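Trainee:
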Amino acid sequence: MKLSDKELNELLARARAGDKSAEDRLLNDYRTLVKSCARSYFLAGGDVEDLIQVGMIGLWSAIRDYDGSKSASFYTFAQLCVNRRIISAVKKAGRQKNKPLNDAAPIDDETEDGAEGALPDNDPLTALLEKERVGARQKKIEDKLTALEKQTLFLYLDGLSYGEIAGGLNKDEKSVDNTLTRIKKKLREDKSGT
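Position one of the sequence shown corresponds to residue 1172 (our numbering), numbered consecutively onward.
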């Protein structure tokens, strides 16, 4: 169902105010946009689902940052944010400096005859386990972190410096450092089961 401008602006305002149902509605309504953007790219070592997840983060950023007083429609702005986020992930995955890490095999899976214990990269079980791991991590982030913590984390994962994050969020660098420390603690506590 297509939303009117008034309904869209109401949903955006509610989502920015922390209304989870409004945010979920927008994320669901614009998921098709994310899927169509993701299909246009190739992610080294990943698949379309990985790009869709990256694109959903771009959509979430668009919801957070859209300014209705500008001339661009929300759809156009969201498409730009999604594409930028996906392009950034594709470029990052393709960097040669990550090649040794991307190609590495765990030492403990190898036997004297070579990597017999390791599963091949195209193994369906490996792909399934990786998708489950990514999904669990995404759920942890969604459930455990506040809106500010999510924003800070996404900016940090985009490679922004503490100063750039602080400027973008209108916070000081110490506040950014404290927020990142809190995020690490929350995600670590959850991992250990406390």
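Cβ atoms here follow ideal geometry from the backbone N, Cα and C, with glycine treated the same way. This one's a predicted model, so the numbers in the text were calculated from it and none came from an experiment.
#1: Shortest alpha-carbon distance to aspartate 1221 belongs to which of Arg1185, Arg1308 and Ser1244?
#2: Sorted by chain position, which residues of the same chain lie with C-beta nearer than 7 Å to lysine 1302's C-beta, five sequence neighbours on each side aside?
#3: On the criterion of 16 or more Cβ atoms from any shown chain inside 10 Å, does tyrosine 1201 qualify as buried, or is it exposed?
#4: Is threonine 1352 helix, strand or coil when you go by DSSP?
#5: For the structure I just gave you, are there three or more beta carbon pairs, one from the region 1239-1248 and one from the region 1330-1338, closer than 8 Å?
#6: Rounded to whole angstroms, what is the Cα-Cα separation between aspartate 1348 and isoleucine 1354?
#7: Under the three-state reduction of DSSP, which class applies to aspartate 1314: helix, strand or coil?
#8: Taking buried to mean at least 16 other C-beta atoms within 10 Å of its own C-beta, is alanine 1243 buried or exposed?
#9: When we look at the beta-carbon of glutamate 1178 and count the other beta-carbons within 10 Å, is it buried (16 or more) or exposed?
#10: Let's see if you can read the secondary structure: which residues bound the alpha helix (DSSP H) around lysine 1173?
Mentor: On the basis of the supplied data:
#1: Position 50 of the sequence shown, counted from the start, is the residue given in the question as residue 1221. The residue with the shortest Cα to Cα distance from aspartate 1221 is Arg1308.
#2: As a working mapping, residue 1302 is identified with position 131 in the sequence shown. Excluding positions up to five away in sequence, the list reads Glu1220.
#3: Numbered from its first residue, the sequence shown carries residue 1201 at position 30. It is buried - the Cβ of tyrosine 1201 has at least 16 other Cβ atoms within 10 Å.
#4: Indexing the sequence shown from 1 puts residue 1352 at position 181. Threonine 1352: helix per DSSP, three-state reduction.
#5: no
#6: Here residue 1348 corresponds to residue number 177 of the sequence shown, with the count starting at 1. Here residue 1354 corresponds to residue number 183 of the sequence shown, with the count starting at 1. Taking the straight line joining both Cα atoms gives about 10 Å.
#7: Here residue 1314 is taken as the residue at index 143 of the sequence shown, counted from 1. Aspartate 1314 falls in the helix class under three-state DSSP.
#8: Translated into positions along the sequence shown, residue 1243 becomes position 72. Exposed is the call here.
#9: Locating residue 1178 in the sequence shown gives position 7, counting from the first residue. With fewer than 16 Cβ atoms within 10 Å of its Cβ, glutamate 1178 is classed as exposed.
#10: Your numbering for residue 1173 matches position 2 in the sequence shown. Lysine 1173 -> no alpha helix (DSSP H), and no H or E assigned at all.
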